[in-house]
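As given, the protein sequences belong to chains Y and S, one line each in that order. If you're matching positions, the first sequence starts at 940 in our numbering and goes up one per residue. If you're matching positions, the second sequence starts at 121 in our numbering and goes up one per residue. Backbone N, C-alpha and C define an ideal beta-carbon position, used for all residues, glycine too.
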Amino acid sequence: MKFTKTAIISRKGFQPLPERLLLKNARLVDPVAQMDETTDLVLEDGRIASLGPIDAQGFQGEVLDLSGKIVSPGWMDLHVHLREPGREDEETIESGSLAAANGGFTALCCMPNTDPPIDSQEIIQYIKDRSADLLVAVHPIAAITKKREGKELSEILELVEQGAVAISDDGSPVMNAEVMRRALEYTKMVGVPVIGHEEDVTMTDGAQINEGFVSTCLGLRGWPTVAEDVMVARDILLAEYTGGRFHVAHISSEGAVELVRQAKARGVQVTAEVTPHHFTLTDEAVRGYDTNTKINPPLRSEEDRQALLQGLVDGTIDVIATDHAPHAFEEKEAEYIYAPFGIVGLETALGLCVTELVQTGLLSWTQLIEKLAVNPYRALGLEPPRIKPGHPANLTIFDPEAQWEVNPARFLSKSRNTPFGEKKLTGKPLAVINQGKMFFSTL
Amino acid sequence: MFSRKHLLGLDGVAQEEIISILDTARSFREVLERPIKRLPTLQGKTVVNLFYEPSTRTRISFELAEKRLSADIVNFSASASSVKKGETLIDTVRNIEAMKIDMVVVRHSSPGAAHLLARVLNAHIINAGDGGHEHPTQALLDMFTIREKKGRLDQLTVALVGDISHSRVAMSNIYGLRTMGARVLVCGPSTLIPRHIEWLGVEVYHNIDEIIEQVDVMNILRLQLERQRRGLFPSLREYHNYFGITRERLERATRPILIMHPGPMNRGVEISSDVADSEHSVILEQVTNGLAVRMAILYLLAGGKSEIH
Ligand SMILES: [Zn+2]
């Protein structure tokens, strides 16, 4: 192609964002504008300058041929565990952001279960300072309660003023209904959602995997879906009573999906996210005892998986988020009951979404992008990025047809704990543009 | 024929493999009746007994089986909790393997521990109990005992009684007995029966008196007292009254029922003494048979053929 100065496929890693850049023949999908058309896009000084056919020959600036590629508003991962501060050997703010960019995300929200936890203005400021110059926008989620102990509310007003976009005690469910009620009530003053890790821990003591036929066969203590359902039911009722905003983290059970569906029909302010691993795998994957199948909440049954897919299709589930949870190799390479919960997800999300949701005909590109680029922002009460002249260039570019095999050695995350090694996927991230920076995926 | 590298469980082990083990065990059972009980079969081979959970019986049974076959033996015992803080399981076994060992017998509280070792080591692995998952040698000795007493395994009805949810003995027995064509009932409090167990082809009961008329064999499982603290049953008294096997209950049967228990027994809880010591009880024979079965497994894994001389 004569008008490309550099063949796009040869690029890897960070590239300077040209002052003027023509994205030629790109399929632009912006769900907010209900736009899905193949045309040209001009970026100027890090902003979107124009949309519409441009003659590449006479274009002053650099040209990227994006024939067959999709350009979407930049994606946000609402659920990421950066291990900084505390476990920088597993992930840092920088490495996690790099993994996000590599996977096609331009923004992420980091969960507060760090050491120390995100329950003070100092930690929020620390995260903001450490991420200020990164391509990926890092939005801290602050703890609901001090030290994530589930007892006293943290200083939510100050934390939000400092930059927290939501509150959550992720990993440590708020078992005290009164505390949860007050959190939902208190956050109404600032409009941020309370994100619930929905697990009644009195029912999951020592539990390892979903309670069902597989847990019976493998002799691993079962983690019943109803332990999730009772908490989702409780928190929906509390949100309904208080008028607060409630977001269900990593929904995994059929019952919870149905509860959210009914609550939405009643007008409760509830949103929900699902992870790619929960809509891709079931507890059957645990046979063989690969500790990369040990996840909280656990991989569920096929009926639950089908309900998650249905929830994505009918809009009950608003958001796809990864619950990216890096762990050191030696910690995962252990007896099943001693291995920590969680897997990395930033760099496999796009491929799993395309393979499991679009290739199967369940979601259109517009619907998928809505769940990755629009609804995550809206769940937080923020304006989603747009493909619109005058707006900052915040874009995710991917190849919807590319077939590839997951090779964890290529991940930019510091951790490799994934059950998807060697999995063949369709749909591969190509590049992200944000904050005046451009990054080409190395996957 | 049994030509596996490891014995990790009975899930997926075929009928002819089980028959091969049981037939080989019968030859060793005869050897055990001889004045000189030692065979040179495993001479020059080193077997490591890796016990991360206290277990007197199983460890002694394996050790003796190894000695009878002239193996060199290394014993490693540790509580899982102390090991957790220090060296990892994988580091420990890699160290032991560096000393050129041939087989590892492993007992561990984590389901899948034997599978983990099979993945990282070159040695043969024998699962001597992995958490609530499987205990294949126990089930094989149970089946051996039933076959010796009843002459067959198919067309028999075997009941596993008690805490099915946490029992590796029950799981291995279910896999093995179903493969061999036996009818298998499980009977216990509903809180101690795991979900979808019926998908493994067993029938679920909660009333001992309902099964007494139907069964040829009762394998009575040990009740862990800690289950009461977890709220899975209210008291030992109630458990014994409703699920304990007593002579009075057994007298309602019109045919003799073979009584088995993997030990150690809680007399007066899951089994009363007059049953444990009765003429129908084969609990001590199980122990002797366990030795023969373990010799057979060690022998077959080391590459031995089915006939012994
Ligand atoms: Zn969580």
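Close Cβ partners of Y/HIS1018 (< 7 angstroms) along its chain, the five nearest in sequence each way excluded = In the first sequence, residue 1018 of chain Y corresponds to position 79, counting from 1. Same-chain partners within the cutoff: CYS1048, MET1050, ALA1188, HIS1189, GLU1212, ALA1260, THR1261 and ASP1262.
Shortest alpha-carbon distance to Y/GLN1342 belongs to which of Y/PRO1331, Y/TYR1316, Y/LEU1289 and Y/ASP975?
-> Here residue 1342 of chain Y is taken as the residue at index 403 of the first sequence, counted from 1. That would be Y/LEU1289, whose Cα lies nearest to the Cα of Y/GLN1342.
Taking a cut-off of 7 angstroms, which residues have a beta-carbon closer than that to any heavy atom of ligand 1, in chain order?
-> Y/ASP1109, Y/GLY1110, Y/HIS1136, Y/ALA1188, Y/HIS1189, Y/ASN1235 and Y/ASP1262
Determine whether the Cβ of S/PRO384 lies closer than 7 angstroms to any Cβ atom of chain Y.
-> Numbered from 1 along the second sequence, position 264 holds the residue referred to as residue 384 of chain S. False, the Cβ-Cβ gap to chain Y never drops below 7 angstroms.
Can you tell me which of the three DSSP states S/VAL335 falls into?
-> As a position in the second sequence, residue 335 of chain S is number 215, starting the count at 1. Coil, per DSSP.
Can you give me the Cβ contacts of Y/PRO1184 inside the same chain, cut-off strictly under 6 angstroms, excluding the 5 residues immediately before and after it?
-> Residue 1184 of chain Y sits at position 245 when you count from the first residue of the first sequence. Rather than Pro, the amino acid found at residue 1184 of chain Y in this sequence is Arg. A distance below 6 angstroms between beta-carbons, with the five flanking residues on each side excluded, links Y/ARG1184 to the following residues of its chain, in chain order: PRO1132 and GLN1208.
Mark Y/THR1335 as exposed unless 16 or more other C-beta atoms lie within 10 angstroms of its C-beta, in which case mark it buried.
-> The sequence position of residue 1335 of chain Y within the first sequence is 396, counting from 1. Result: buried.
Option nearest S/SER181 by Cα separation, candidates S/THR257, S/ASN361 and S/TYR419 = As a first step, residue 181 of chain S must be located in the second sequence, where it is residue number 61. Cα-wise, what sits closest to S/SER181 is S/THR257.
The alpha helix (DSSP H) with S/THR408 in it runs from where to where?
-> Along the second sequence, one-based indexing puts residue 408 of chain S at 288. 403-421 is the span of the alpha helix (DSSP H), which, as asked, contains S/THR408.
Spatial distance of S/VAL304 from Y/VAL1196 (CA atoms) | Here residue 304 of chain S corresponds to residue number 184 of the second sequence, with the count starting at 1. Here residue 1196 of chain Y corresponds to residue number 257 of the first sequence, with the count starting at 1. Whole-angstrom Cα-Cα distance: 37 angstroms.
Under 9 angstroms Cβ-Cβ, which residues of chain Y neighbour S/ARG288?
-> Locating residue 288 of chain S in the second sequence gives position 168, counting from the first residue. In chain order: GLY1158.
If you draw a straight line from the C-alpha of Y/LYS944 to the C-alpha of Y/ILE1063, how long is it?
-> Counting from one through the first sequence, the residue named residue 944 of chain Y turns up at place 5. Counting from one through the first sequence, the residue named residue 1063 of chain Y turns up at place 124. Caution applies to Y/LYS944, whose pLDDT of 48 falls short of 50 and renders its modelled position unreliable; the value that the coordinates give is listed next. Answer to the nearest angstrom: the Cα atoms are 42 angstroms apart.
To the nearest angstrom, report how far apart Y/ALA946 and Y/ASP994 are at their CA atoms.
-> On the first sequence, residue 946 of chain Y is found 7 positions in, with the first residue counted as 1. On the first sequence, residue 994 of chain Y is found 55 positions in, with the first residue counted as 1. Because Y/ALA946 carries a pLDDT of 47, less than 50, the predicted location of this residue cannot be relied on, and the following value inherits that uncertainty. Straight-line Cα distance between these residues: approximately 18 angstroms.
Would you list, in chain order, the members of the segment 213-238 of chain S that have their beta-carbon closer than 9 angstroms to a beta-carbon of chain Y?
-> Listed by position, the residues of the segment 213-238 of chain S near chain Y (Cβ gap below 9 angstroms) are HIS228, SER229, SER230, PRO231, GLY232, ALA233, HIS235 and LEU236.
Opposite Y/LYS1363 in the DSSP bridges: which residues?
-> The residue labelled residue 1363 of chain Y in the question sits at position 424 within the first sequence. Y/GLU1344, per the DSSP bridge assignment.
Which term fits S/PRO155, buried or exposed, when burial requires 16 or more other beta carbons within 10 angstroms of its beta carbon?
-> Locating residue 155 of chain S in the second sequence gives position 35, counting from the first residue. Classification of S/PRO155: exposed, given that the 10 Å Cβ count is below 16.
For the segment 1091-1103 of chain Y against the segment 1306-1320 of chain Y, are there 3 or more C-beta pairs whose distance is under 8 angstroms?
-> Too few Cβ pairs lie closer than 8 angstroms, so no.
Coil, strand or helix - S/VAL133 by DSSP = Taking the second sequence and counting its residues from 1, the one referred to as residue 133 of chain S is at position 13. DSSP places S/VAL133 in coil when its eight states are reduced to three.
S/VAL213 to S/SER229 span [Cα, whole Å] | For this step, residue 213 of chain S is matched to residue 93 along the second sequence. For this step, residue 229 of chain S is matched to residue 109 along the second sequence. Each residue's Cα considered, the two are about 16 angstroms apart.
S/ASP250 to S/VAL413, Cα distance in whole Å?
-> By one-based count along the second sequence, residue 250 of chain S stands at place 130. By one-based count along the second sequence, residue 413 of chain S stands at place 293. Near 19 angstroms, if we compare the C-alpha coordinates of S/VAL413 and S/ASP250.
Hey, out of Y/VAL1371, Y/ARG1349 and Y/SER1191, whose CA is closest to Y/ASP1222's CA?
-> Along the first sequence, read from residue 1 onward, the residue named residue 1222 of chain Y stands at position 283. Here the closest residue by C-alpha is Y/SER1191.
Can you list, in chain order, the residues of its chain whose CB lies under 6 angstroms from that of S/VAL225, leaving out five sequence neighbours each side?
-> Along the second sequence, one-based indexing puts residue 225 of chain S at 105. Counting only residues of its own chain and dropping the five nearest sequence neighbours on each side, S/VAL225 has a CB closer than 6 angstroms to the CB of ASN169, PHE182, ILE246 and ALA248.
Coarse secondary structure for Y/GLU1001, derived from DSSP in three states = Residue 1001 of chain Y sits at position 62 when you count from the first residue of the first sequence. The DSSP-derived three-state label of Y/GLU1001 is strand.
Alpha helix (DSSP H) segment containing Y/PRO1215, residue limits = In the first sequence, the residue the question calls residue 1215 of chain Y occupies position 276. Start and end: 1215-1219.
Name the DSSP bridge partner or partners of S/GLY252?
-> As a first step, residue 252 of chain S is located in the second sequence; it is residue number 132 there, counting from the start. Paired residue(s): none; S/GLY252 is not in a bridge.
Sort out for me which residues DSSP pairs Y/THR1432 with in a bridge.
-> Here chain Y comprises residues numbered 940 to 1382, so residue 1432 of chain Y is not present and cannot be evaluated.
Identify the continuous beta strand (DSSP E) that holds S/THR178 and give its terminal residues.
-> One-based indexing of the second sequence puts residue 178 of chain S at position 58. Unbroken run through S/THR178 is the alpha helix (DSSP H), 176-188; no beta strand (DSSP E).
Where does Y/SER1107 sit, in a helix, a strand or coil, going by DSSP?
-> Counted from its first residue, the first sequence places residue 1107 of chain Y at position 168. Correct three-state label for Y/SER1107: strand.
What's the C-alpha gap between S/ILE377 and Y/ASN1149?
-> If you number the second sequence from 1, residue 377 of chain S lands on position 257. If you number the first sequence from 1, residue 1149 of chain Y lands on position 210. Roughly 37 angstroms between the two C-alpha positions.
Please confirm if S/LEU241 has its CB atom under 7 angstroms from at least one CB of chain Y.
-> As a first step, residue 241 of chain S must be located in the second sequence, where it is residue number 121. Taking Cβ atoms only, chain Y never reaches closer than 7 angstroms to S/LEU241, which makes this a no.
Compare the C-alpha of S/SER287 against each of S/LEU312, S/THR161 and S/ALA134 and name the closest.
-> Taking the first residue of the second sequence as position 1, residue 287 of chain S is located at position 167. Ranking the options by Cα distance to S/SER287, first place goes to S/LEU312.
How about S/THR166 and S/ILE221: are their beta carbons less than 7 angstroms apart?
-> By one-based count along the second sequence, residue 166 of chain S stands at place 46. By one-based count along the second sequence, residue 221 of chain S stands at place 101. Result yes, Cβ atoms of S/THR166 and S/ILE221 sit closer than 7 angstroms.
For S/LEU209, which residues in chain Y fall below 9 angstroms Cβ to Cβ?
-> Numbered from 1 along the second sequence, position 89 holds the residue referred to as residue 209 of chain S. Residues of chain Y passing the Cβ test: ALA1273, GLU1274 and TYR1277.
Where are the alpha helix (DSSP H) runs, 4 residues long or more, that stay fully inside the segment 1233-1302 of chain Y, in chain order?
-> 1241-1253, 1268-1271 and 1288-1292
Can you tell me the Cα-Cα spacing of S/HIS126 and S/ALA238, whole angstroms?
-> Mapped onto the second sequence, residue 126 of chain S falls at position 6. Mapped onto the second sequence, residue 238 of chain S falls at position 118. So the two alpha carbons sit approximately 7 angstroms from each other.
Chain Y within 7 angstroms of S/ILE317, Cβ atoms only | Stepping through the second sequence from its first residue, residue 317 of chain S is reached at position 197. With 7 angstroms as the cut-off, S/ILE317 counts as an interface residue toward chain Y.
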